[in-house]
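The next block holds one structure in the form of structure tokens; read it before the comments.
Residue numbers (this note's numbering): 134 to 291.
Set out below in structure tokens:
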């Protein structure tokens with residue numbers, strides 16, 4: 134895949150930190166574990182060696198994945214924009230007209246999405262429906278449980 138990956142500055146920095154940790158700490162540790170397991174003799178029946186090789190494979194795959202994402206990253210900077218409409222990276226407070234309750238979500242990339250932390254993907258049904266709308270707009274969203282109607286009561290870029 135060669136398309137850009139939109140992400141917030143926080144997510145970009147987190148991915149960079151994860152990559153540095155994997156390269157500087159995890160990779161040398163697993164290489165040490167493999168060397169130690171080799172010193173125990175017969176590799177065909179060495180569970181420590183097999184486990185270390187599996188861990189090494191996982192770490193190398195994760196390093197490659199992070200390097201790819203960071204290379205294709207498009208960090209969205211909202212600092213120079215006026216928070217007048219919902220865009221990637223904005224934090225939106227919604228009023229659910231049927232449930233008579235408010236909820237707040239940050240619109241993020243797919244990799245950052247975590248509903249428990251109030252982060253929804255820009256490609257989710259709610260995220261897609263909200264993007265481009267303004268304060269006080271009413272937005273209808275088709276979700277798995279049916280049709281929901283929200284009113285946008287606050288938009289922040291933070």
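Note that the Cβ used here is the ideal one computed from N, Cα and C, for glycine as well.
| query | Can you list, in chain order, the residues of its chain whose CB lies under 8 angstroms from that of residue 234, leaving out five sequence neighbours each side? | reply | 228
| field | For residue 181, the first and last residue of its enclosing beta strand (DSSP E) | value | It is not in any beta strand (DSSP E) - residue 181 instead sits in the alpha helix (DSSP H) that spans 180-205.
| Based on the DSSP output, what are the partners of residue 240 in its beta bridges? | 253
| said: Rounded to the nearest angstrom, what separates residue 192 and residue 285 at their Cα positions? | reply: 42 angstroms
| request: Whole angstroms is fine: what's the gap from residue 251's alpha carbon to residue 221's? | output: 14 angstroms
| task | Return the CA-CA distance between residue 291 and residue 214, expressed in angstroms with no decimal places. | result | 11 angstroms
| query | Relative to the alpha-carbon of residue 141, which residue among 208, 276, 223, 185 has its alpha-carbon at the smallest distance? | reply | The shortest Cα separation from residue 141 among 208, 276, 223, 185 belongs to 208.
| task | For residue 216, collect the residues of the same chain with a Cβ closer than 7 angstroms to its Cβ; drop the 5 residues on either side in sequence, then sort them by chain order. | result | 223, 288, 289, 290
| residue 199 versus residue 147: straight-line alpha-carbon distance, rounded | Straight-line Cα distance between these residues: approximately 10 angstroms.
| task | Assign residue 260 to one of three DSSP states: helix, strand, or coil. | result | helix
| field | Same chain only: Cβ atoms within 8 angstroms of residue 182, ignoring 5 sequence neighbours per side | value | 167, 170, 171, 173, 176
| Should the region 259-278 be regarded as contacting the region 148-165, the criterion being three or more beta carbon pairs within less than 8 angstroms? | no
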